[in-house]
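In full-length UniProt numbering, the protein residues as written are 1 to 91.
Working notes, structure below.
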Amino acid sequence: MADTSNYSTEERVIASCWVHERNQRGKTIAEVRADFQARFQRDPPPKQTLLRWEHKFFATGCVKDKERSGRPSTRETCRLIKESVQRSPQK
Numbered sequence: 001m002a003d004t005s006n007y008s009t010e011e012r013v014i015a016s017c018w019v020h021e022r023n024q025r026g027k028t029i030a031e032v033r034a035d036f037q038a039r040f041q042r043d044p045p046p047k048q049t050l051l052r053w054e055h056k057f058f059a060t061g062c063v064k065d066k067e068r069s070g071r072p073s074t075r076e077t078c079r080l081i082k083e084s085v086q087r088s089p090q091k
C-alpha cells in the first residue's frame, strides 16, 4: 500500500481508538488532540483527520492509505535518486 501520511501507523491507530472511545471516557476531540500531543510530542492532526482515521480504522481495520493510480509520489523518487547518488557519486 502506498502510504503518504506524515503520521506513523502507530500514531494513527492509537488516535483512532482514542477518538472511538471518547464518549465512554467523557472526552472531547480537543482533549484527544491534547493527549496526542502529550504522548507523541508533536502537533496533533486536525479534528477532521482524527474523525477520518477513526472511520477508516473501524470500517476497514486498517489506517494505511490505499494504492493510488497515476504518477508515482515524488517522495519515493527522491529517496531512490538519493540512494543512487550515495552508491556511486562519481557517475
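Ideal Cβ positions, reconstructed from N, Cα and C, are used throughout, including at glycine.
Source: prediction; values computed, not measured.
With 16 other Cβ atoms within 10 Å as the buried cut-off, status of K82: exposed
Where N6 sits in the DSSP three-state scheme: coil
L80 to R87 span [Cα, whole Å]: 11 angstroms
For A38, the nearest candidate out of E21, A15 and R22 (CA to CA): Checking every option, the nearest Cα to that of A38 belongs to A15.
For M1, the three-state DSSP class (helix, strand or coil): Reliability fails at M1, whose pLDDT of 47 lies under 50, so the model's placement of it is uncertain and the value that follows must be treated cautiously. M1: coil per DSSP, three-state reduction.
Close beta carbons around V13, own chain, < 7 angstroms, minus the five adjacent residues each side: Excluding residues within five positions, the ones whose Cβ falls inside 7 angstroms are F57 and V63.
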